[in-house]
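Student: My structure is below; once you've seen it, I'll send some questions.
Number of protein chains: 2
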Amino acid sequence: MDCCVIPLRHGGLSLVQTTDFFYPLVEDPYMMGKIACANVLSDLYAMGITECDNMLMLLSVSQKMNDKDRERVMPLMIRGFRDAAEEGGTSVTGGQTVINPWIIIGGVASVVCQPNDFILPDGAVPGDVLVLTKPLGTQVAVNAHQWLEQPDRWNKIKLVITKQEVKEAYQEAMFSMATLNRTAAGLMHKFQAHAATDVTGFGLLGHANNLATQQRNDVAFVIHNLPIIAKMAAVSKACGNIFNLVQGTSSETSGGLLVCLPREQAAKFCSEMKSQSLGAGGQGAWIIGIVEKGDRRARIIDKPRIIEVPPRGSQVANQDNNSASPLPGPNLS
Amino acid sequence: MDCCVIPLRHGGLSLVQTTDFFYPLVEDPYMMGKIACANVLSDLYAMGITECDNMLMLLSVSQKMNDKDRERVMPLMIRGFRDAAEEGGTSVTGGQTVINPWIIIGGVASVVCQPNDFILPDGAVPGDVLVLTKPLGTQVAVNAHQWLEQPDRWNKIKLVITKQEVKEAYQEAMFSMATLNRTAAGLMHKFQAHAATDVTGFGLLGHANNLATQQRNDVAFVIHNLPIIAKMAAVSKACGNIFNLVQGTSSETSGGLLVCLPREQAAKFCSEMKSQSLGAGGQGAWIIGIVEKGDRRARIIDKPRIIEVPPRGSQVANQDNNSASPLPGPNLS
Numbered sequence: 001m002d003c004c005v006i007p008l009r010h011g012g013l014s015l016v017q018t019t020d021f022f023y024p025l026v027e028d029p030y031m032m033g034k035i036a037c038a039n040v041l042s043d044l045y046a047m048g049i050t051e052c053d054n055m056l057m058l059l060s061v062s063q064k065m066n067d068k069d070r071e072r073v074m075p076l077m078i079r080g081f082r083d084a085a086e087e088g089g090t091s092v093t094g095g096q097t098v099i100n101p102w103i104i105i106g107g108v109a110s111v112v113c114q115p116n117d118f119i120l121p122d123g124a125v126p127g128d129v130l131v132l133t134k135p136l137g138t139q140v141a142v143n144a145h146q147w148l149e150q151p152d153r154w155n156k157i158k159l160v161i162t163k164q165e166v167k168e169a170y171q172e173a174m175f176s177m178a179t180l181n182r183t184a185a186g187l188m189h190k191f192q193a194h195a196a197t198d199v200t201g202f203g204l205l206g207h208a209n210n211l212a213t214q215q216r217n218d219v220a221f222v223i224h225n226l227p228i229i230a231k232m233a234a235v236s237k238a239c240g241n242i243f244n245l246v247q248g249t250s251s252e253t254s255g256g257l258l259v260c261l262p263r264e265q266a267a268k269f270c271s272e273m274k275s276q277s278l279g280a281g282g283q284g285a286w287i288i289g290i291v292e293k294g295d296r297r298a299r300i301i302d303k304p305r306i307i308e309v310p311p312r313g314s315q316v317a318n319q320d321n322n323s324a325s326p327l328p329g330p331n332l333s
Numbered sequence: 334m335d336c337c338v339i340p341l342r343h344g345g346l347s348l349v350q351t352t353d354f355f356y357p358l359v360e361d362p363y364m365m366g367k368i369a370c371a372n373v374l375s376d377l378y379a380m381g382i383t384e385c386d387n388m389l390m391l392l393s394v395s396q397k398m399n400d401k402d403r404e405r406v407m408p409l410m411i412r413g414f415r416d417a418a419e420e421g422g423t424s425v426t427g428g429q430t431v432i433n434p435w436i437i438i439g440g441v442a443s444v445v446c447q448p449n450d451f452i453l454p455d456g457a458v459p460g461d462v463l464v465l466t467k468p469l470g471t472q473v474a475v476n477a478h479q480w481l482e483q484p485d486r487w488n489k490i491k492l493v494i495t496k497q498e499v500k501e502a503y504q505e506a507m508f509s510m511a512t513l514n515r516t517a518a519g520l521m522h523k524f525q526a527h528a529a530t531d532v533t534g535f536g537l538l539g540h541a542n543n544l545a546t547q548q549r550n551d552v553a554f555v556i557h558n559l560p561i562i563a564k565m566a567a568v569s570k571a572c573g574n575i576f577n578l579v580q581g582t583s584s585e586t587s588g589g590l591l592v593c594l595p596r597e598q599a600a601k602f603c604s605e606m607k608s609q610s611l612g613a614g615g616q617g618a619w620i621i622g623i624v625e626k627g628d629r630r631a632r633i634i635d636k637p638r639i640i641e642v643p644p645r646g647s648q649v650a651n652q653d654n655n656s657a658s659p660l661p662g663p664n665l666s
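Residue numbers (our numbering), protein chains in the order written: chain X, 1 to 333; chain V, 334 to 666.
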């Protein structure tokens with residue numbers, strides 16, 4: 001499961017909590033803070049939990065940064081994290097900061113729940129429909145953006161994408177990663193979701209497989225459609241398919257929820273996701289597959305349909321206002 | 334406060350939680366895991382909380398370790414952490430592991446409490462007595478132990494201590510840091526403690542000052558006695574007083590609780606600490622000062638009495654059975 005669920009000694013309540021921390025992957029420290037927070041909360045949202053009682057922030061300051069960069073970057077990152085927490089109706093009370101070679105940002109989200117506050121991710125039945133609430137391709141977009149400065153890499157992909165399109169895809173990825181999955185969590189209750197998980201490091205197929213393994217019924221997940229940030233499928237192919245994006249194993253950060261819904265609810269879920277999430281930074285949701293009788297595995301069909309998800313309008317002109325030089329962390333490429 | 338206390342929406346309950354993570358400071362990975370866990374739980378214990386509903390483990394594996402070291406070291410560290418959690422009557426369900434230049438070990442401790450489960454650290458009154466439940470000097474001992482291999486450092490302290498005594502002090506520090514403050518937390522209730530904190534990075538005086546600042550009454554803390562691991566005061570002096578040990582600001586890791594107790598309870602608290610904690614790795618507790626009327630500050634008197642705390646018997650012969658070469662982390666010296 002995406003969270004741990006601990007039965008408490010008090011009146012049927014459970015403590016649900018999750019933690020996640022990682023290294024910077026976008027250059028804008030404020031957006032990086034938001035992404036880290038969205039990524040932590042996402043594990044609660046995947047269980048249909050819409051409230052969070054408390055967050056802790058986990059932070060390391062890089063010893064490689066000079067004082068000026070540190071004083072400019074770290075407060076922005078912290079503010080981004082706090083702002084996203086506030087957007088999620090919670091706040092950050094506590095945490096820990098250390099010095100480290102690389103910047104670390106992450107946190108802990110905890111909530112005390114009644115049983116009907118969360119949806120155990122094990123109730124998929126044959127006939128259900130699979131819905132995904134964010135497009136794939138964040139890792140490809142982040143890397144392609146770094147490659148703008150690396151001629152040998154850029155030369156491999158420049159036939160399939162323009163610099164402007166890379167910038168737009170990067171922006172789209174950044175906004176998508178910073179978007180909370182909270183709207184989706186709320187709609188999981190309204191439309192009687194049977195199970196869900198969030199798509200992160202193992203990619204769509206990896207997490208779909210994990211989710212399939214946990215099901216009570218003999219089901220298999222079959223994925224037909226892949227909503228992908230525009231042009232990222234072509235970039236992934238052009239650079240030698242190192243990401244395995246259309247194979248479903250390209251790593252995502254703060255990806256969308258993969259939700260199993262009763263067939264008759266899926267279209268309504270998607271339509272309401274679209275109307276509710278547009279204001280909150282979301283792009284909607286896509287029906288990507290079905291639940292069949294099977295042996296608790298997930299697969300993507302041969303030649304899945306690629307849904308090119310266009311960037312949501314051009315904020316690109318103003319990008320990087322807050323950005324420092326690349327933040328100290330591991331080399332992503 | 335050492336923890337955050339979040340009022341919940343359910344029946345007067347509060348979520349109390351804390352997080353801490355740091356880098357290895359002893360060479361034995363199993364003991365390092367225990368110390369990290371004891372250090373996390375200590376913040377709960379400082380509030381008189383004896384139970385913990387859940388722990389998360391935060392871990393990073395060093396990219397500088399080869400596969401063999403990693404496979405030998407990390408499972409031991411995790412086992413130490415889990416064993417200490419079990420000793421604390423809780424368990425580790427969840428966490429996160431990343432790759433990092435340095436090893437990181439730490440965690441999160443969370444508990445859902447009724448109001449009488451915890452003691453807010455703000456009730457000291459003039460006439461109270463200050464008690465400390467572990468000896469000081471862990472940082473000095475850990476450094477002195479490293480200096481056995483550094484002739485220029487060793488030459489500065491060899492007139493005041495033997496190699497064997499350094500090893501014994503290091504062992505004592507390691508066992509002391511790995512000891513849970515849980516016994517003390519339980520006795521805080523039995524003997525009506527008015528306030529407490531745990532002694533860690535800011536040293537005894539730093540944390541005493543923090544605690545004094547939070548008091549409801551106009552009080553000051555005056556410290557007369559410093560229980561210190563045997564010979565560490567001399568080592569600290571011989572190496573040029575770089576630690577400020579007897580000045581009270583030498584950093585401690587997983588130090589003891591500093592507890593304000595009613596005068597008539599303090600001796601009984603210490604005596605029961607001694608009888609209860611000996612089996613659990615503790616050495617007892619010491620009356621170190623008094624609470625006076627004052628301006629919410631703490632001070633150590635001129636020429637405090639140094640209580641030399643002898644190591645608890647010689648486990649030194651068998652040391653380092655589990656130890657690898659020094660674990661990747663920052664240079665402590």
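Where a beta carbon is used, it is the ideal one built from N, C-alpha and C, also for glycine.
Please read these numbers as outputs of a predicted model, since none were measured by experiment.
List the whole-angstrom C-beta distance separating HIS527/V from LEU594/V, where the pair is believed to meet the contact cut-off of C-beta under 8 angstroms.
Tutor: Correct: roughly 7 angstroms between the Cβ atoms.
Student: Do the CB positions of ARG645/V and GLN609/V come within less than 8 angstroms of each other?
Tutor: Not a contact, by the Cβ cut-off of 8 angstroms.
Student: Step through the CB atoms of chain X and report whether any lies within less than 8 angstroms of the CB of PRO661/V.
Tutor: Not an interface residue.
Student: For the stretch 520 to 537 of chain V, which residues have a CB atom closer than 7 angstroms to at least one CB atom of chain X, in sequence order?
Tutor: Residues passing the 7 angstroms Cβ filter: none.
Student: Straight-line CA distance for ASP20/X to LYS491/V?
Tutor: Roughly 46 angstroms separates the two Cα atoms.
Student: Counting only beta-carbon separations shorter than 8 angstroms, does GLY456/V have a partner in chain X?
Tutor: Chain X, which has no Cβ nearer than 8 angstroms to the Cβ of GLY456/V, makes this no.
Student: Near ARG82/X, what residues of its chain come up, given a Cβ to Cβ distance below 6 angstroms and the 5 sequence neighbours on each side ignored?
Tutor: Cβ within range, chain order: VAL92.
Student: Which value, in whole angstroms, describes the spacing of the CA atoms of ALA418/V and LEU374/V?
Tutor: About 8 angstroms.
Student: Work out the CA separation of ASP531/V and PRO448/V for me, nearest whole Å.
Tutor: The straight-line gap from Cα to Cα measures roughly 21 angstroms.
Student: For ASN542/V, decide whether its Cβ has a neighbour in chain X, counting only Cβ atoms nearer than 8 angstroms.
Tutor: No, ASN542/V lies away from the interface with chain X (no Cβ there is under 8 angstroms from its Cβ).
Student: Using the beta-carbon count (16 or more within 10 Å), is ARG363/X buried or exposed?
Tutor: A question about residue 363/X goes unanswered here, because the residues of chain X that appear run from 1 up to 333.
Student: Is the stretch 393 to 411 of chain V touching the stretch 450 to 463 of chain V in the sense that three or more CB pairs, one from each, lie closer than 8 angstroms?
Tutor: No, the stretch 450 to 463 of chain V does not touch the stretch 393 to 411 of chain V.
Student: Starting from the Cα of ASN209/X, find the closest Cα among ARG296/X, ARG305/X, GLY255/X and VAL235/X and give me that residue.
Tutor: With distances taken between Cα atoms, ASN209/X lies closest to ARG296/X.
Student: Is the stretch 354 to 368 of chain V in contact with the stretch 457 to 466 of chain V, if contact means three or more CB pairs nearer than 8 angstroms?
Tutor: No, because fewer than three Cβ pairs between the stretch 354 to 368 of chain V and the stretch 457 to 466 of chain V fall closer than 8 angstroms, the two stretches do not touch.
Student: Which of the three DSSP states is assigned to ARG638/V in this structure?
Tutor: Strand at ARG638/V.
Student: Is the CB of ILE103/X under 8 angstroms away from at least one CB in chain V?
Tutor: Not closer than 8 angstroms to any Cβ of chain V, the Cβ of ILE103/X fails to qualify, so no.
Student: Do TYR356/V and TRP435/V have their CB atoms nearer than 8 angstroms?
Tutor: Yes, the pair counts as a contact, with Cβ atoms nearer than the cut-off.
Student: Measuring alpha carbon to alpha carbon, tell me which residue in GLY201/X, LYS34/X, ILE229/X and MET65/X is nearest GLY329/X.
Tutor: For GLY329/X, the nearest C-alpha among the options comes from MET65/X.
Student: Run through the stretch 403 to 480 of chain V for me and flag every whole beta strand (DSSP E) of 3 or more residues, listed as ranges in chain order.
Tutor: Listed in chain order, the complete beta strand (DSSP E) runs (minimum 3 residues) inside the stretch 403 to 480 of chain V are 425 to 433, 437 to 446 and 462 to 465.
Student: Could you check where the alpha helix (DSSP H) with THR546/V kicks off and where it finishes?
Tutor: Taken as a continuous stretch (DSSP letters only), the alpha helix (DSSP H) holding THR546/V covers 536 to 546.
Student: Within a Cβ cutoff of 6 angstroms, which residues of the same chain sit near VAL26/X, ignoring the five residues on either side of it in sequence?
Tutor: Excluding sequence neighbours, VAL26/X sits near MET32 and MET174.
Student: With distances taken from CA atoms, which of SER254/X, GLY48/X and ALA233/X is nearest ASN244/X?
Tutor: Answer by Cα proximity: ALA233/X.
Student: Taking 8 angstroms as the CB-CB cut-off, is THR93/X touching chain V?
Tutor: Closer than 8 angstroms to some Cβ of chain V, the Cβ of THR93/X qualifies, so yes.
Student: If I follow the unbroken alpha helix (DSSP H) through THR353/X, where does it start and stop?
Tutor: Given that chain X is displayed from residue 1 to residue 333, the structure contains no residue 353/X and the question cannot be resolved.
Student: With 8 angstroms as the C-beta to C-beta threshold (strictly closer), list the residues of the stretch 481 to 507 of chain V near chain X in chain order.
Tutor: Within the stretch 481 to 507 of chain V, no residue has a Cβ that lies closer than 8 angstroms to any Cβ of chain X.
Student: Does any residue of chain X bring its CB to less than 8 angstroms from the CB of ASP361/V?
Tutor: With 8 angstroms as the cut-off, ASP361/V does not count as an interface residue toward chain X.
Student: Judging by CA-CA distance, which residue of GLY123/X, ILE161/X, VAL61/X and ASP67/X is the nearest neighbour of LYS231/X?
Tutor: Among GLY123/X, ILE161/X, VAL61/X and ASP67/X, the Cα nearest to that of LYS231/X belongs to ILE161/X.
Student: For a contact meaning CB atoms closer than 8 angstroms, what does PHE354/V contact in chain X?
Tutor: Result: LEU58, GLN96 and VAL98.
Student: Which same chain residues end up closer than 6 angstroms to SER569/V when comparing Cβ atoms and leaving out the 5 residues on each side of it in sequence?
Tutor: Closer than 6 angstroms at Cβ, skipping near neighbours: VAL473, PHE576 and LEU578.
Student: Any chance the stretch 59 to 73 of chain X sits against the stretch 211 to 226 of chain X, with 3 or more Cβ pairs inside 8 angstroms?
Tutor: At 8 angstroms Cβ cutoff, the stretches do not touch.
Student: Enumerate in chain order the residues of its own chain whose CB-to-CB distance from THR672/V is below 6 angstroms, with the five nearest sequence positions on each side excluded.
Tutor: Lying before the first or after the last residue shown, residue 672/V is absent from chain V, which here runs from 334 to 666.
Student: Tell me which residue opens and which closes the beta strand (DSSP E) that GLN276/X is part of.
Tutor: Per DSSP, GLN276/X belongs to no beta strand (DSSP E); it is in the alpha helix (DSSP H), 263 to 277.
Student: Of all the CB atoms in chain X, is at least one closer than 8 angstroms to the CB of ASN558/V?
Tutor: Chain X contact via Cβ: absent.
Student: Listed from N- to C-terminal order along the chain, which residues in the stretch 361 to 390 of chain V have their beta-carbon within a distance smaller than 7 angstroms of any beta-carbon of chain X?
Tutor: Here the close residues are ASP386, ASN387 and LEU389.
Student: My understanding is that PHE524/V touches PHE602/V, with C-beta atoms under 8 angstroms, so please give their C-beta distance in whole angstroms.
Tutor: Indeed they touch by this definition, with Cβ atoms about 4 angstroms apart.
Student: Along the chain, where does the beta strand (DSSP E) that runs through LYS626/V open and close?
Tutor: Unbroken beta strand (DSSP E) run through LYS626/V: 619 to 626.
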